[in-house]
Amino acid sequence: MRADAQALKGHLDVLLLATLSDGPQHGYAIKEALRDGSGGRFDLPTGTVYPALHRLERAGLIAGSWSVVDGRRRRSYQLTDDGHKKLAGDRANWREFATAVTTLLEPGPWPTAT
Numbered sequence: 099m100r101a102d103a104q105a106l107k108g109h110l111d112v113l114l115l116a117t118l119s120d121g122p123q124h125g126y127a128i129k130e131a132l133r134d135g136s137g138g139r140f141d142l143p144t145g146t147v148y149p150a151l152h153r154l155e156r157a158g159l160i161a162g163s164w165s166v167v168d169g170r171r172r173r174s175y176q177l178t179d180d181g182h183k184k185l186a187g188d189r190a191n192w193r194e195f196a197t198a199v200t201t202l203l204e205p206g207p208w209p210t211a212t
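For what it's worth, my numbering labels the leading residue of the sequence shown as 99, then goes sequentially.
If you want it as structure tokens, here you go:
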């Protein structure tokens with residue numbers, strides 16, 4: 099199953115933040131990390147990834163800087179302190195959500211809320 103950009107709506111930002119959790123990367127490397135890290139399921143067009151990176155930068159969750167590599171300019175991004183905090187919260191929320199969904203998808207009876 100290959101996910102398209104629409105299927106990832108609402109999840110792309112946290113996936114981009116997670117991709118940057120190991121350190122700075124340039125835009126295309128981020129796109130490739132999403133694809134490779136998902137076993138090819140998240141092979142998104144640059145027209146989806148770059149606007150999301152710009153949005154995260156405007157929100158102060160990532161910081162971008164320009165460099166020249168082999169005579170070509172490229173922009174690298176890294177998490178800010180706020181980005182690290184947001185990612186930690188999103189990861190905790192995701193684990194809680196995934197546990198609830200997994201519980202519901204398993205054959206019943208389901209445990210009751212306490």
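Positions of the beta carbon are idealized from the N, C-alpha and C atoms, including for glycine. Here the structure is a predicted model, which means the values were calculated and not measured.
Requested in this report: Tell me, please, whether the stretch 136-147 touches the stretch 190-208 by the rule of three or more beta-carbon pairs shorter than 8 Å.
Outcome: no
Query raised in the report: If you compare alpha carbons, which of A186, G108 and R172 is closest to I128?
Result: R172
Query raised in the report: Out of curiosity, what's the CA-to-CA distance linking D120 and A131?
Result: The alpha-carbon atoms of D120 and A131 are separated by roughly 11 Å.
**Report entry** For L177, the residue or residues it bridges with in DSSP
**Finding:** I160
Query raised in the report: Which of the three DSSP states, helix, strand or coil, is assigned to R139?
Result: coil
Query raised in the report: Would you call the CB atoms of A150 and L185 closer than 8 Å?
Result: no
Query raised in the report: Just the Cα atoms here: how many angstroms apart are L202 and W192?
Result: 15 Å
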